[in-house]
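*Asks:* Before I ask anything, let me first share the structure, which is written out below as structure tokens.
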Amino acid sequence: MSVIPAAVSRFFHRTASSPHFYALADRFIPWLTAIFILLLAAGLYGGLYLAPTDYQQGDSYRIIYIHVPAAWMSLFIYVLMAIMGAIALVWHMKMAEVMLVASAPIGAGFTFIALVTGSLWGKPMWGTWWVWDARLTSELILLFLYLGVISLYGAIEDKRAAARAVSILALVGVVNIPIIHYSVQWWNTLHQGPTVSKMGKPSIHVEMLVPLLLMAVAFKFYYLIAALQAAKLELLKREASSQWVKTLLEKQA
Amino acid sequence: MSLESFLYMGGYAVYVWPSYALTAVVLIANVILPVLQRKQLLRQISLRQKREKR
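Residue numbers (the working numbering), protein chains in the order written: chain F, 1051 to 1303; chain A, 895 to 948.
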């Protein structure tokens, strides 16, 4: 395409080549892991130890340090998957397909964490494990969308065709994302409204807020690590009999 | 603060700690499983290549 500058297109073609991507992932993973562990340690120390006890919720509120970042990740990863789905459909970029497929189990994991920790938080605070309200139900639908992507991809033998199918599913399912986000404003619900993103000042003490943000960034780094690991596996599965895999094995031997 | 009172979590230990434990299990599984599967796959591929060479 002539609209895209040559340098940009060269970068994408190189990153899109499997051996190049594989080597790049190997180079980045140790650094990403180091940053993740530092952020995680700081976030947990701040959240579980330094942050003061909430005057209404006692120490039960400390579940927030995984519940909220996990819920954010569940939305963030799905939006990324929809974007990669669009790229895969329009430009048939293989790496977009691979990253989409690699992201699905991680997104499903975060959605599951958000639902279960929410339940464990809801029991002492609301007096119930679960209610069929807008926020909880739309988040549960998100879990089913993730599981749908995983099983649809697994069910279709031809991986190029499978990737096209899940790209469409990811794109269609993205309508659920704004529904989840605005559900606490559109409908009456037990779930509390936004604490951090509220216009003006967030209604949370700074000693409570900082660990929350640290955990959120830590989870972003975790996502990169897990997605790269899954993408390496997916590439090998797809291209097991290719020359670059042969060369890779010879180098390792 | 003593370790005991830290673990007690103001009486909410049964809700807080399982939340953190479950999160740890899910996050670790999503990294470890692809790594183990990849190692297994690499072994299979290298075995197949050796067979083809002969």
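Backbone N, C-alpha and C fix where the C-beta goes; we use that ideal spot for every residue, glycine too.
Mind pulling the chain A residues with CB within less than 8 Å of residue 1159 (chain F)?
*Replies:* By one-based count along the first sequence, residue 1159 (chain F) stands at place 109. In chain order: 920, 921, 923 and 924.
*Asks:* Three-state secondary structure (DSSP) at residue 1096 (chain F)?
*Replies:* Translated into positions along the first sequence, residue 1096 (chain F) becomes position 46. Residue 1096 (chain F): helix per DSSP, three-state reduction.
*Asks:* Where does residue 1177 (chain F) fall in DSSP's three states?
*Replies:* Within the first sequence, residue 1177 (chain F) is the residue found at index 127, counting from 1. Residue 1177 (chain F) falls in the coil class under three-state DSSP.
*Asks:* Under 8 Å Cβ-Cβ, which residues of chain A neighbour residue 1156 (chain F)?
*Replies:* Taking the first sequence and counting its residues from 1, one reaches residue 1156 (chain F) at position 106. Going along chain A in sequence order, the residues near residue 1156 (chain F) (Cβ under 8 Å) are 924.
*Asks:* Cβ closer than 8 Å: which chain A residues qualify as neighbours of residue 1209 (chain F)?
*Replies:* Counted from its first residue, the first sequence places residue 1209 (chain F) at position 159. Those do not exist, as residue 1209 (chain F) stays about 15 Å from chain A at its closest Cβ, beyond 8 Å.
*Asks:* Measure the Cβ-Cβ separation of residue 1331 (chain F) and residue 1261 (chain F) and say whether it is below 8 Å.
*Replies:* Chain F is shown only over 1051 to 1303; residue 1331 (chain F) falls outside these bounds and no answer can be derived.
*Asks:* Just mark residue 1141 (chain F) as buried or exposed, buried being the case when its beta carbon has 16 or more other beta carbons within 10 Å.
*Replies:* One-based indexing of the first sequence puts residue 1141 (chain F) at position 91. Answer is exposed; the Cβ neighbour count stays below 16.
*Asks:* Going by DSSP, what residue range makes up the alpha helix (DSSP H) through residue 1288 (chain F)?
*Replies:* One-based indexing of the first sequence puts residue 1288 (chain F) at position 238. It spans 1256 to 1288 - the alpha helix (DSSP H) in which residue 1288 (chain F) sits, taken as one unbroken run.
*Asks:* List the residues that DSSP assigns as beta-bridge partners of residue 1076 (chain F).
*Replies:* Residue mapping note: residue 1076 (chain F) aligns to position 26 of the first sequence, counting from 1. In the DSSP output, where bridge partners are listed per residue, residue 1076 (chain F) has none listed.
*Asks:* Quick one: Cα of residue 1147 (chain F) to Cα of residue 1154 (chain F), how far?
*Replies:* Against the first sequence, residue 1147 (chain F) aligns to sequence position 97. Against the first sequence, residue 1154 (chain F) aligns to sequence position 104. Going by the C-alpha atoms only, they are around 11 Å apart.
*Asks:* Whole angstroms are fine: how far does the CA of residue 1093 (chain F) sit from the CA of residue 1112 (chain F)?
*Replies:* Counted from its first residue, the first sequence places residue 1112 (chain F) at position 62. Counted from its first residue, the first sequence places residue 1093 (chain F) at position 43. Looking at the two C-alpha atoms, the distance is approximately 11 Å.
*Asks:* Flag this pair as yes or no: are the beta carbons of residue 1132 (chain F) and residue 1221 (chain F) separated by less than 8 Å?
*Replies:* Here residue 1132 (chain F) is taken as the residue at index 82 of the first sequence, counted from 1. Here residue 1221 (chain F) is taken as the residue at index 171 of the first sequence, counted from 1. Closer than 8 Å, so yes.
*Asks:* Please name the residue, chosen from F:1089, F:1218 and F:1192, that lies closest to residue 1015 (chain F) on a Cα-to-Cα basis.
*Replies:* In the structure as shown, chain F starts at 1051 and stops at 1303, and residue 1015 (chain F) therefore has no counterpart that could be examined.
*Asks:* Between the Cα of residue 1172 (chain F) and the Cα atoms of F:1110, F:1115, F:1285 and F:1149, which residue gives the shortest distance?
*Replies:* To locate residue 1172 (chain F), count along the first sequence from 1; it is residue 122. Nearest option by C-alpha distance: F:1110.
*Asks:* Starting from residue 1128 (chain F) and walking both ways along the alpha helix (DSSP H), at which residues does that stretch end?
*Replies:* Residue numbering aside, residue 1128 (chain F) sits at position 78 when the first sequence is read from its first letter. That run of the alpha helix (DSSP H) goes 1114 to 1141.
*Asks:* Give the secondary structure of residue 1104 (chain F) by DSSP, where H, G and I count as helix, E and B as strand, and everything else as coil.
*Replies:* Working through the first sequence from its first residue, we reach residue 1104 (chain F) at position 54. In this structure, residue 1104 (chain F) counts as strand in the three-state DSSP scheme.
*Asks:* Within 10 angstroms of its Cβ, does residue 1279 (chain F) collect 16 or more other Cβ (buried), or is it exposed?
*Replies:* As a working note, residue 1279 (chain F) is residue 229 in the first sequence. Counting Cβ neighbours within 10 Å, residue 1279 (chain F) comes out buried, since at least 16 surround it.
*Asks:* What span of residues does the alpha helix (DSSP H) with residue 1226 (chain F) cover, start to end?
*Replies:* As a position in the first sequence, residue 1226 (chain F) is number 176, starting the count at 1. 1226 to 1236 is the span of the alpha helix (DSSP H), which, as asked, contains residue 1226 (chain F).
*Asks:* Taking the alpha helix (DSSP H) that residue 926 (chain A) falls in, what are its first and last residues?
*Replies:* Within the second sequence, numbered from 1, the residue matching residue 926 (chain A) stands at position 32. Residue 926 (chain A) -> alpha helix (DSSP H) spans 907 to 947.
*Asks:* Could you compute how far the alpha carbon of residue 995 (chain F) sits from the alpha carbon of residue 1163 (chain F)?
*Replies:* Any answer about residue 995 (chain F) is impossible in this case: the structure gives chain F only from 1051 up to 1303.
*Asks:* Which residues bound the alpha helix (DSSP H) around residue 1294 (chain F)?
*Replies:* Taking the first sequence and counting its residues from 1, the one referred to as residue 1294 (chain F) is at position 244. Residue 1294 (chain F) -> alpha helix (DSSP H) spans 1293 to 1302.
*Asks:* Restricting to Cα atoms, I'd like to know which of F:1168, F:1177, F:1101 and F:1257 is closest to residue 1187 (chain F).
*Replies:* Residue 1187 (chain F) sits at position 137 when you count from the first residue of the first sequence. Selected option, being the one with the closest Cα: F:1168.
*Asks:* Run down chain A in chain order and give the residues with a C-beta less than 7 Å from the C-beta of residue 1109 (chain F).
*Replies:* Residue mapping note: residue 1109 (chain F) aligns to position 59 of the first sequence, counting from 1. Ordered by position in chain A, the residues that pass the 7 Å Cβ test against residue 1109 (chain F) are 903, 904, 906 and 910.
*Asks:* Could you tell me whether any Cβ in chain A is nearer than 8 Å to the Cβ of residue 1081 (chain F)?
*Replies:* For the purposes of this step, residue 1081 (chain F) is taken as residue 31 along the first sequence, with counting starting at 1. No - not a single Cβ of chain A is within 8 Å of the one on residue 1081 (chain F).
*Asks:* Which word fits residue 1127 (chain F), buried or exposed, when buried means at least 16 other C-beta atoms lie within 10 angstroms of its C-beta?
*Replies:* Taking the first residue of the first sequence as 1, we reach residue 1127 (chain F) at position 77. Flag for residue 1127 (chain F) reads buried.
*Asks:* Look up residue 903 (chain A) in the DSSP assignment and say whether it is helix, strand or coil.
*Replies:* As a first step, residue 903 (chain A) must be located in the second sequence, where it is residue number 9. Three-state DSSP puts residue 903 (chain A) in a helix.
*Asks:* Straight-line CA distance for residue 948 (chain A) to residue 1296 (chain F)?
*Replies:* Against the second sequence, residue 948 (chain A) aligns to sequence position 54. Against the first sequence, residue 1296 (chain F) aligns to sequence position 246. Looking at the two C-alpha atoms, the distance is approximately 16 Å.
*Asks:* Counting only Cβ-Cβ distances shorter than 8 Å, please list the residues of the stretch 1271 to 1287 of chain F near chain A, keeping chain order.
*Replies:* So the list reads 1272, 1275, 1276, 1279, 1280, 1282, 1283, 1286 and 1287, given in the order they occur along the chain.
*Asks:* Looking only at C-alpha atoms, which of F:1156, F:1105 and F:1287 sits nearest to residue 1270 (chain F)?
*Replies:* The count along the first sequence starts at 1 and reaches residue 1270 (chain F) at position 220. Nearest option by C-alpha distance: F:1156.
*Asks:* When you check each C-beta in the stretch 1159 to 1183 of chain F against every C-beta of chain A, which residues fall closer than 7 Å?
*Replies:* Against chain A - using a Cβ distance shorter than 7 Å - the residues of the stretch 1159 to 1183 of chain F are 1159, 1162, 1163, 1166, 1167, 1170, 1171, 1173 and 1174.
*Asks:* Could one say the Cβ of residue 1295 (chain F) lies closer than 8 Å to chain A's Cβ atoms, at least one of them?
*Replies:* Taking the first residue of the first sequence as position 1, residue 1295 (chain F) is located at position 245. Chain A contact via Cβ: present.
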